[in-house]
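Okay, so here's the structure we're looking at.
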Amino acid sequence: MVEMVVAMGILSMVLTIFLSALVSVQTGVVKAADRSISNDEVRLAVQQIDREIRSGNVFVDPASESDPGMMLRIYSQANAPTRPSRHRCVQWRVAGRELQSRTWHTEWRLNSDVTGWRILGNDIVNQQRGVRAFELDTSTTYGGDGVHGRVMRIHILANRSDRSGQPVSIQVSVNGRNTRYGDSGMGSPCADAPPV
C-alpha cells in the first residue's frame, strides 16, 4: 500500500509539472498569435493610410481636430479614376478600440455623398495609452518651419488582449504629394466636414 501511495504521489508530481509546462506553452502560443494578428491588421491599415496620404495634397492638422491627435483628415486623389466623384476627402479616427475611416465628396451637402465609418483595425489602444495616433511633423529637418509641416507621423498601438503584454507599435512618417504646409483646415477643400 505504501508503494502505491508513493507511486501515486510521484505520478501526480509528474502530471503537475507536465500540465504546468503545457499551459505555459499554450499561453505563449496564444500571445504570439494575438501579436501576429494585431501586427498584420495594423500594418494593412497603415498601408492604406500611407497610400491615401501619398496621393493627397492637403492635410488638416490633427491637433486642430475635435479629438486632437486621434483624427486625421486629408484631401486625396487615390483611386480617383475608379471613384465616381474623383477627388475625395478621407478621414481616419481612433474611436474606442477601433481605427475607422470614411470618405466624402467636397460637395457632400449637395449630393449627400458621405460613406459610413468602416473599421480598418480592431484592438487599437492609443487612447488608453495616451499616445497620439496622428501628428504633423513641424521640424525643420523635413521642410517644416517649426510651426507648419508637411510630414504626417502615424503611430498606431494595437493590443489584441491583456494576455499579449506590450502592444504592437507601428510608426511611419508619410509625405503627401504637393502637400500644402500645415493647412489649418480653413483653406482645405475638406474644411467643411460632415458631422462625426
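With the first letter of the sequence shown counted as 1, position 116 gets the number 117 in the working numbering; the numbers rise by one all the way through. Here a beta-carbon is modelled for each residue, glycine too, at the ideal position from N, C-alpha and C.
Among Phe19, Pro196, Ser77 and Trp105, the one whose alpha carbon lies nearest that of glycine 177: Ser77
Start and end residues, beta strand (DSSP E) containing methionine 72: 72 to 77
Simplified DSSP state of arginine 130, which is helix, strand or coil: helix
Collapsed DSSP secondary structure at glutamate 99 in the structure displayed: strand
Where the beta strand (DSSP E) through arginine 154 begins and ends: 152 to 159
Contact check, tryptophan 105 vs arginine 89, beta carbons under 8 Å: yes
Contacting residues, own chain, Cβ-Cβ under 6 Å from glutamate 66 (five flanking each side not counted): Met72
Length of the line joining the Cα atoms of valine 126 and alanine 159: 6 Å
Member of Arg161, Ile157 and Phe60 whose CA lies at the smallest distance from the CA of cysteine 191: Phe60
Distance CB(glycine 122)-CB(alanine 46) smaller than 8 Å: yes
DSSP-derived helix/strand/coil call for aspartate 1: Look at the range of the chain in this structure, 2 to 197, and you will see that residue 1 is not part of it.
Cβ-based neighbour list, valine 95, same chain, cut-off 7 Å, excluding 5 preceding and 5 following: Met71, Ile125, Asn127, Gln128 and Ala134
Reference arginine 268; option with closest CA among Met153, Val197 and Val115: Residue 268 lies beyond the residue range present for the chain, which begins at 2 and ends at 197; the question has no answer from this structure.
Assumed close pair glutamate 42, valine 91 - CB separation to whole angstroms, cut-off 8 Å: Not really, about 19 Å apart at Cβ, beyond 8 Å.
Cut-off 7 Å between Cβ atoms - residues of its own chain near proline 69, not counting five sequence neighbours on either side: Pro63
Contacts around arginine 74, its chain only, beta-carbon distance under 6 Å, and the 5 residues preceding and following it disregarded: Val61, Gln92 and Cys191
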